[in-house]
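> Numbering (the numbering used here), first residue to last: -16 to 728.
1) Less than 9 Å between CB atoms is the rule here; does residue 294 satisfy it with respect to chain C?
2) Tell me the DSSP secondary structure of residue 39 in three-state form.
3) Tell me which residue opens and which closes the beta strand (DSSP E) that residue 291 is part of.
4) Which parts of the stretch 651 to 726 are runs of the alpha helix (DSSP H), unbroken and 4 residues or longer, counting only runs that do not cross its ends?
5) Report buried or exposed for residue 716, applying the criterion of at least 16 other Cβ atoms within 10 angstroms of its Cβ.
6) Tell me where the beta strand (DSSP E) around residue 224 begins and ends.
7) Would residue 516 be called buried (16 or more neighbouring beta carbons within 10 Å of its own) or exposed?
8) Where does residue 211 land, buried or exposed, given buried means 16+ other C-beta within 10 angstroms?
9) Please report how far the alpha carbon of residue 506 lies from the alpha carbon of residue 546, in whole angstroms.
10) Measuring CB to CB, does residue 253 end up less than 9 Å from residue 222?
11) Helix, strand or coil: how does DSSP classify residue 517 here?
12) Run through the stretch 69 to 102 for me and flag every whole beta strand (DSSP E) of 3 or more residues, listed as ranges in chain order.
13) Could you check which residue in 328, 325 and 352 has the C-alpha nearest to that of residue 337?
14) Tell me which residue opens and which closes the beta strand (DSSP E) that residue 262 is part of.
15) What is the DSSP secondary structure of residue 190, counted as helix, strand or coil?
16) Tell me the start and end of each unbroken alpha helix (DSSP H) in the stretch 465 to 512 that is at least 4 residues and wholly inside, in chain order.
17) Looking at residue 305: is its Cβ nearer than 9 Å to the Cβ of residue 41?
18) Give me, in chain order, the residues of the same chain whose beta-carbon lies closer than 6 Å to that of residue 209; leave out the 5 immediate sequence neighbours on both sides.
19) Please state whether the Cβ-Cβ distance between residue 429 and residue 359 is less than 9 Å.
20) With burial defined as no fewer than 16 other Cβ atoms inside 10 Å of the residue's Cβ, what is the status of residue 509: buried or exposed?
21) Figure out for me which residue from 446, 378 and 496 has the closest Cα to the Cα of residue 483.
22) Is it buried or exposed, residue 487, if we count other Cβ atoms within 10 angstroms and call 16 or more buried?
23) Opposite residue 648 in the DSSP bridges: which residues?
24) How would you write the range of the alpha helix (DSSP H) that residue 610 sits in, first residue to last?
25) Helix, strand or coil: how does DSSP classify residue 141 here?
26) Can you tell which of 323, 512, 462 and 391 has the C-alpha that lies nearest to the C-alpha of residue 744?
27) In three-state DSSP terms, what is residue 555?
28) May I ask you to list the residues that DSSP assigns as paired with residue 195?
29) Nearest to residue 285 by CA position, among 264, 302, 332 and 67, is which residue?
30) Assuming contact is defined by CB atoms lying nearer than 9 Å, are residue 403 and residue 392 in contact in what I supplied?
31) Residue range of the alpha helix (DSSP H) that residue 55 falls in?
32) Under 8 Å: do the stretch 491 to 505 and the stretch 525 to 539 share three or more Cβ pairs, one atom per stretch?
33) Just to confirm, are residue 95 and residue 263 a CB contact at a threshold of 9 Å?
34) State the DSSP-derived secondary structure class of residue 332, mapped to helix, strand or coil.
35) Who are the Cβ neighbours of residue 679 in its own chain at under 6 Å, not counting the five residues just before and after it?
36) Using 10 angstroms around the beta-carbon of residue 53, count the other beta-carbons present and answer buried if the total reaches 16, otherwise exposed.
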């Protein structure tokens, strides 16, 4: 059996973290290194043992050098089993990155060499005379044991052995080595003694293979020192050094080691030491893909089905563009193995896979995506024009170098079709495919991909699943709505807008049991509107479009012959604003002037026209019985608009005329006017356009409002609104009077 010292009983690099550990045996060889490793092992085993040899195995970082070395050593052991005991190869690993500095490197190397020589020459039964072995052990071991005491003097010892000299240290070095030898030779005799021992070692049949991996990890000064050590002992009979390194890094390190030698062609220094150098073959593409699959398959084993074309393009981007070495693959899959389990329920694996590639290999491009969520997802909250958004998207993709840009843009277009439509010559993919919450191209899904978890102010996929399951349970929906209204978000407001968005999400397409949701929207609609007015996270409609849209979705899931009855039952407990919104919402989304739109869109109702009209008539009849409900409704103007569309302006004007002395009615009408023809921002609020509603007498309203202001009949916040109205209404009427005078002339 091949002899190995205790420190080399494991793989050469077995001390590393498992995530970056090289393979140990041929059974794990996915990269196609086996044939090369066997050929190298055969050469190392079959060469004549009479002279030392330094062999180099070089490749770029991360190409699998350590794995190839482990396979080579496996074959060395197999080939060596047929040799007689005493003629086998002792494999000794020397890990230079454990040491730093001249003294530590020298001590470590001499220790490894001593351990190996002990195995080869140790017992009397070996062919080398015991006296000679004792001298070898004392010589090498003494230098090892005393190197710590003299520090850097060990460096001089190495130079001395090779016939050179380091003038400032030579005296101390010679004294140290002399004191280590039992027969106390003179310092001048030390070099001769070393040569004599080398000659006697020639008679040994055993051999030593010293493996030095990751030579390129060393600092330049340590690298130069280690090469000096190898040069010294590289000629020992029967001793082969296998150095493993990145040639370019080693040569640069040697060139930078001494400023006064930069003019020399220092790579020749490596060439003088390494007597036979071999390049590691590249890993096969199939091997790299197999290594990637081994890292990815366990992560997606429990994942729900995803679009195979999405995965096809993602995997090919990885293997064709980015993952060009084993270390690339291991580094990438290590990151996935940590990040994916925490986000598995919140993200779409092909999207996350591609984003992780860009995070590692296209950092500028990745940062550009992360920093422009609104642009790449189409959530244009900044209200930028397309030309401005196009410039931003173009600047993002231009961060990718040209040779691989086309492939990257293709995947970018698949993930972010809302942004891709702004690019020239880009693939335009169906935007509906990324509208699901968990896709990175959707505004709601985006953040989770960059946080490894859903944002604290968003529902998780588990939350969405609970909401989805509650759709058929009116009591559960009630609880979830109350929770959303009472749950604060960090940015201000509540979870109400997120809950409404989640309802849209889980009811996309067909869904069963629409009645509980329809009843929830109807019975608690006014509560939603009231909460929405105070919630900064709500859109400017304060929930109106959500109530209208959700009710419409529910009705579409009910057979057409039962829709009218179902809606009538739901509206029994509904508030005035909600009833008006839902009834008007039987028509496609429209602008704020509902009174103009209702008649025009009757044909778009999800109800039959006569059924929709009958329900609306019944509701307005109740309003006419008690118009005061308008004043307490959270969105009273919506009731007035529907009233106007069905009955015309006369009954509304009559109601206003009958209540000219009621400040509540006057401020309501003023607020309704200002909400429709004014800026909604307080400091910019003004009456910017004419009031076209026939039920409003602007001059009469101005006179009444002025009198109430003078009498102090408004509250403080109402008073501010009334003052703006009086100011702007006066200007409009004055301008209109002037125009009439001009016309008369």
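We treat Cβ as the ideally placed atom computed from N, Cα and C, and that holds for glycine.
Working from what's here:
1) Included in the structure is just one protein chain, with no chain C present.
2) Residue 39 falls in the strand class under three-state DSSP.
3) Residue 291 -> not in any beta strand (DSSP E); alpha helix (DSSP H) instead, spanning 291 to 300.
4) 681 to 694
5) exposed
6) 222 to 228
7) Residue 516 is exposed by the Cβ-count criterion.
8) buried
9) Taking the straight line from one Cα to the other gives about 17 Å.
10) No, the pair does not count as a contact, with Cβ atoms beyond the cut-off.
11) Note: residue 517 maps to helix in three-state DSSP.
12) 72 to 76
13) 352
14) Annotation: the continuous beta strand (DSSP E) that includes residue 262 extends over 259 to 262.
15) strand
16) As far as the stretch 465 to 512 is concerned, its whole alpha helix (DSSP H) runs of at least 4 residues are 479 to 489 and 498 to 506.
17) no
18) 79 and 88
19) yes
20) buried
21) 446
22) exposed
23) Its beta-bridge partners do not exist; DSSP assigns none.
24) It is not in any alpha helix (DSSP H) - residue 610 carries neither H nor E in the DSSP assignment.
25) Note that residue 141 scores a pLDDT of 38, beneath 50, so its modelled location is shaky; the value from the coordinates is reported in the next line. It is helical.
26) Look at the range of the chain in this structure, -16 to 728, and you will see that residue 744 is not part of it.
27) helix
28) 226
29) 332
30) yes
31) 48 to 63
32) yes
33) no
34) If DSSP states are grouped into helix, strand and coil, residue 332 belongs with the helices.
35) none
36) buried
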